[in-house]
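Visitor:
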Amino acid sequence: MLDRAPERPDEVRVPIGADPDIVSARQAARELAVRAGFVGADLTMLATAVSEVARNIVRFAESGEVSIELLARPRAGIRVIARDTGPGISDIDRALQDGFSTYDGLGLGLPGARRLMDEFEVASAPGKGTTVSMTKWFEKKG
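Sequential numbering of the sequence shown, starting at 2, is according to this note's numbering.
(1) Check GLY65 in the structure and name its three-state DSSP category.
(2) Do you know offhand how far ILE1's Cα is from PRO75's?
(3) Mapping the DSSP letters down to three states, classify ILE90 as helix, strand or coil.
(4) Please check the pair VAL54 and ALA30, which I expect to be a contact at CB under 8 Å, by giving their CB distance rounded to whole angstroms.
(5) Going by CA-CA distance only, name the one from SER134, LEU117, ASP92 that's closest to ASP43.
(6) Can VAL81 and MET135 be called in contact, C-beta distance under 8 Å?
(7) I'd like to know whether the C-beta atoms of GLY128 and GLY65 end up nearer to each other than 8 Å.
(8) Cα separation between THR131 and GLU32?
(9) Buried or exposed for VAL123, please, with buried defined as at least 16 other CB atoms from any protein chain shown within 10 angstroms of its CB.
(10) Say yes only if the C-beta of ALA50 is nearer than 7 Å to one or more non-hydrogen atoms of the ligand FMN, and no if none qualify.
(11) Assuming ARG27 and SER52 make a contact with CB atoms under 8 Å, what is their CB distance in whole Å?
(12) Please list, in chain order, all residues of the same chain as ILE17 whose beta carbon is under 8 Å from its beta carbon, the five residues on each side excluded.
(13) TRP138: which of ARG36, ALA19, ALA96, GLY110 sits nearest, CA to CA?
(14) Which class does MET135 belong to by DSSP, given the choice of helix, strand or coil?
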């Protein structure tokens, strides 16, 4: 279920607890990105990065939230904040290395999401959960 607050029409919060919520978060990001002018590869990269961070919530924390915000100033873009209260990440640098995984899967994970976005930060501590903040800026083509 999407939570679109009337006072913040340019922000959507998607509770994450199961696989269908990953699709909801991805779709919410796509919808806001289209409003910002994203098309083609940039739209796909954003949607894929959102899927990856939402999937991590389901796999490792069981529940959390993905907040997607349409930015207009100083320039157009999309900010995504994925939060959970799971076990946290003990070694963030290692978790951001290509090929590192604590889950048997083929997803891009955090390293892939980081490559797809323009700005990317992870804050986490064991037992404290994880917050991933990432931004994709709209670049006019042509």
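By construction, the Cβ of each residue, glycine as well, lies at the ideal position given by its N, Cα and C atoms.
Guide: Concretely, from the data shown:
(1) strand
(2) Residue 1 lies beyond the residue range present for the chain, which begins at 2 and ends at 143; the question has no answer from this structure.
(3) coil
(4) Incorrect: roughly 10 Å between the Cβ atoms, too far for contact.
(5) LEU117
(6) yes
(7) no
(8) 25 Å
(9) buried
(10) The ligand FMN is absent from the structure shown, which contains no ligands of any kind.
(11) 5 Å
(12) ILE23, ALA26, ALA55, ILE58, VAL59, SER64, GLY65, GLU66, VAL67, ALA83, ASP85
(13) ARG36
(14) strand
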